[in-house]
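Undergrad: In this note's numbering, the protein residues as written are 531 to 658.
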């Protein structure tokens with residue numbers, strides 16, 4: 531691999547994008563300290579981690595594409611993997627925490643499936 535020196539404006543731009551991604555991730559992580567309940571805390575880092583990852587991914591793609599004179603797809607694949615797995619994992623964690631909170635008797639929003647079943651039973655006329 532032949533190392534090319536990047537123009538100063540591109541170095542500055544890439545540095546700003548990487549630092550911006552890191553700051554976004556830091557702000558999202560600060561939500562872990564500020565927010566009170568688990569249900570509030572889990573949302574901030576998951577969304578922000580994805581946003582920070584995309585900023586760093588853009589800088590990586592630009593840098594390696596300029597260095598190697600080809601499109602660098604490895605960073606895009608990593609970012610897509612994170613963009614898919616983080617929300618899915620967050621949903622599973624939230625559902626598990628909600629189930630556990632309901633089982634222990636904590637005050638949580640009612641289950642939508644319970645409401646649907648009770649509404650369906652109430653809508654059916656009695657066969658008496």
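Even glycine gets a Cβ: it sits at the ideal position worked out from N, Cα and C. Computed from a prediction, not measured in an experiment: that's the story for all the values here.
Assuming contact is defined by CB atoms lying nearer than 9 Å, are residue 590 and residue 613 in contact in what I supplied?
TA: Position 60 of the chain shown holds residue 590. Position 83 of the chain shown holds residue 613. Not a contact, by the Cβ cut-off of 9 Å.
Undergrad: In this structure, how does DSSP classify residue 640 when only helix, strand and coil are distinguished?
TA: Translated into positions along the chain shown, residue 640 becomes position 110. In the structure shown, residue 640 sits in coil (DSSP, three-state: anything other than H, G, I, E or B).
Undergrad: Put residue 541 into one of helix, strand or coil per three-state DSSP.
TA: Stepping through the chain shown from its first residue, residue 541 is reached at position 11. If DSSP states are grouped into helix, strand and coil, residue 541 belongs with the helices.
Undergrad: Taking Cβ positions, are residue 688 and residue 618 nearer each other than 9 Å?
TA: Any property of residue 688 remains undetermined from this structure, which presents the chain solely from 531 to 658.
Undergrad: Taking the straight line between their C-alpha atoms, what separation do you get for residue 640 and residue 573?
TA: On the chain shown, position 110 is the one that residue 640 refers to. On the chain shown, position 43 is the one that residue 573 refers to. Rounded to whole angstroms, residue 640 to residue 573 spans 19 Å at the Cα level.
Undergrad: Below 8 Å, can you find three or more Cβ-Cβ pairs linking the region 533 to 547 to the region 592 to 612?
TA: Touching, yes, given that three or more Cβ pairs across the two stretches are closer than 8 Å.
Undergrad: Can you tell me whether residue 558 is helix, strand or coil according to DSSP?
TA: For the purposes of this step, residue 558 is taken as the residue at position 28 of the chain shown. The answer is helix: DSSP assigns residue 558 an H, G or I state.
Undergrad: If residue 620 and residue 576 are in contact, beta carbons under 8 Å, what's the gap, nearest whole angstrom?
TA: Here residue 620 is taken as the residue at index 90 of the chain shown, counted from 1. Here residue 576 is taken as the residue at index 46 of the chain shown, counted from 1. Rounded, the Cβ-Cβ distance is 4 Å, consistent with contact.
Undergrad: Does DSSP put residue 635 in a helix, in a strand, or in coil?
TA: Along the chain shown, one-based indexing puts residue 635 at 105. Correct three-state label for residue 635: coil.
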